[in-house]
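Engineer: Mapping to full-length UniProt numbering: the sequence shown position 4 is 4, numbers consecutive.
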Amino acid sequence: MDNNETAAGGRGCKRRKGRRLDTRKKLFNQAHAKVRALGERGAATLKSRHILRKARCSPSRMTIIVQAIPTLHHQAR
Numbered sequence: 001m002d003n004n005e006t007a008a009g010g011r012g013c014k015r016r017k018g019r020r021l022d023t024r025k026k027l028f029n030q031a032h033a034k035v036r037a038l039g040e041r042g043a044a045t046l047k048s049r050h051i052l053r054k055a056r057c058s059p060s061r062m063t064i065i066v067q068a069i070p071t072l073h074h075q076a077r
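Structure below.
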């Protein structure tokens, strides 16, 4: 398990072979997928932006920018 999975509450529920997930576990998986997708989209946004390569400011200011981008991305949705 990597750090992202630990922070997001672990892995989703897996069904056993030949069985269905109960409603509670299915809802948990859906909620977990939504939260994880937000984080993944935020990370993809940071990777796709060239702002980090071409920025001409102090590292402490870049930290604030990096923290703000996923927040703004989440609020825009």
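Note that CB positions come from ideal geometry on N, CA and C, so glycine has one too.
1. Tell me which same chain residues have a C-beta within less than 6 Å of the C-beta of Asn29, skipping the five on either side of it?
2. When the distance is taken between beta carbons, is Ile69 closer than 8 Å to Leu46?
3. What is the DSSP secondary structure of Ser60, counted as helix, strand or coil?
4. Any idea what DSSP makes of Lys54, helix, strand or coil?
Structural biologist: Working from what's here:
1. In the sequence shown, residue 29 corresponds to position 29, counting from 1. These residues qualify, in order along the chain: Gly12 and Cys13.
2. Residue 46 sits at position 46 when you count from the first residue of the sequence shown. Residue 69 sits at position 69 when you count from the first residue of the sequence shown. It is a contact, given that the beta carbons lie within the stated cut-off.
3. To locate residue 60, count along the sequence shown from 1; it is residue 60. Of the three classes helix, strand and coil, the one that applies to Ser60 here is helix, per DSSP.
4. Along the sequence shown, read from residue 1 onward, the residue named residue 54 stands at position 54. Three-state result, Lys54: helix.
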